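The structure appears below as structure tokens.
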């Protein structure tokens, strides 16, 4: 049975140096404000909170752009994040729409690409 | 009319987060007129302003606070 066509695609490009003007306390505060428990846990397992925060927020922005019906990027909750700081994937699910996000780091930037499908359950 | 103290503190945060000289931030300064004001920078701005003034913005409101004037008005409305 063929896969249903995507209901949306989203892309986001962010610079890691964008947080360079903020001190550690500000980065920590932003992470607590904008990330969910699983997202925070993933960031905590990485070498840099600032870099991993940029990665997650870029993934959320790409998912938001791909996902019809989501009000804002900060409302996206990534259910799972896998991978290293330079590349990885994540997914989110709500109301029968699954959004799969892939990211890749290139020098100072992260590129996140999201594809939304109408499907029940976790993507394979 | 906006509170000059609130206005100045909001400008200082915009300057710090966006890397824009304070004297370049005036009435009409917005995400549309400043390429440094990205979606990522917007979230950093909001969390910095919430901390500075001890307020919390609602999810829908956050998406609309895309200018100096709107940010200042939102903080002023909360009596911060």
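Residue numbers (the numbering used here), protein chains in the order written: chain A, 1 to 124; chain B, 1 to 80.
Glycine included, C-beta positions come from ideal geometry on N, C-alpha and C.
Only a predicted model underlies this, so the values are computations on that prediction, with no experimental measurement involved.
- Can you list the residues of chain B that residue 54(A) reaches, using a CB-CB cut of under 9 Å? Under a criterion of Cβ atoms nearer than 9 Å, the residues of chain B adjacent to residue 54(A) are, in order, 40.
- Hey, quick one: how far does the beta strand (DSSP E) through residue 11(A) stretch, first residue to last? Per DSSP, the unbroken beta strand (DSSP E) holding residue 11(A) starts and ends at 8–15.
- Determine, using beta carbons only, whether residue 18(A) and residue 68(B) come nearer to each other than 8 Å. Taking C-beta atoms as the reference points, residue 18(A) and residue 68(B) fail to come closer than 8 Å.
- Message: Let me check one thing: in DSSP terms, what residues is residue 44(A) bridge-paired to?
- Response: Beta-bridge pairing links residue 44(A) to no other residue.
- Message: Please list the terminal residues of the continuous alpha helix (DSSP H) segment that includes residue 61(A).
- Response: From DSSP, the alpha helix (DSSP H) with residue 61(A) extends over 49–66.
- Item | Proximal residues to residue 121(A) (C-beta, below 6 Å), its chain only, five neighbours per side dropped | Confidence at residue 121(A) is low in this model, with a pLDDT of 49, below 50, so its placement is unreliable and no value can be given for it.
- Message: On the CB-based measure, 16 or more other CB atoms within 10 Å of its CB, does residue 124(A) come out buried or exposed?
- Response: Low local confidence applies: a pLDDT of 47 at residue 124(A) is under 50, so the model's placement there is unreliable, and no value is given.
- To the nearest angstrom, how far is it from the Cα of residue 110(A) to the Cα of residue 56(A)? C-alpha separation (whole angstroms): 10 Å.
- Measure the C-alpha to C-alpha separation of residue 47(B) and residue 35(A) and round it to an integer number of angstroms. Residue 47(B) and residue 35(A) have their alpha carbons spaced roughly 12 Å apart.
- Task: Verify the CB distance criterion: does residue 47(B) have a CB-CB separation below 8 Å to chain A?
- Result: For residue 47(B), the nearest beta carbon of chain A is closer than 8 Å to its own beta carbon.
- Task: Pick out whichever of 98(A), 112(A), 104(A), 106(A) has its Cα sitting closest to the Cα of residue 118(A).
- Result: Of the candidates 98(A), 112(A), 104(A), 106(A), 98(A) places its Cα closest to the Cα of residue 118(A).
- Compare the C-beta of residue 22(A) against all C-beta atoms of chain B and say whether one is closer than 8 Å. Judged by the 8 Å Cβ criterion, residue 22(A) is in contact with chain B.
- Query: residue 55(B) CB to nearest chain A CB: under 8 Å?
  - Reply: So, not an interface residue.
- Is the number of C-beta pairs between the stretch 60–78 of chain A and the stretch 55–63 of chain B that are closer than 8 Å three or more? The way I'd put it, the stretch 60–78 of chain A does touch the stretch 55–63 of chain B; three or more beta-carbon pairs between them come closer than 8 Å.
- Message: Using only the alpha-carbon positions, how far apart do residue 61(A) and residue 11(A) sit?
- Response: Answer to the nearest angstrom: the Cα atoms are 8 Å apart.
- Message: Tell me the rounded alpha-carbon separation between residue 112(A) and residue 24(B).
- Response: Answer to the nearest angstrom: the Cα atoms are 31 Å apart.
- Find the residues of chain A that neighbour residue 43(B), judging by a C-beta separation of less than 7 Å, and give them in chain order. Within chain A, 30, 34, 57, 74 have C-beta atoms less than 7 Å from the C-beta of residue 43(B), given in sequence order.
- Neighbour flag for residue 51(B) against chain A, beta carbons, 8 Å: Interface residue, yes.
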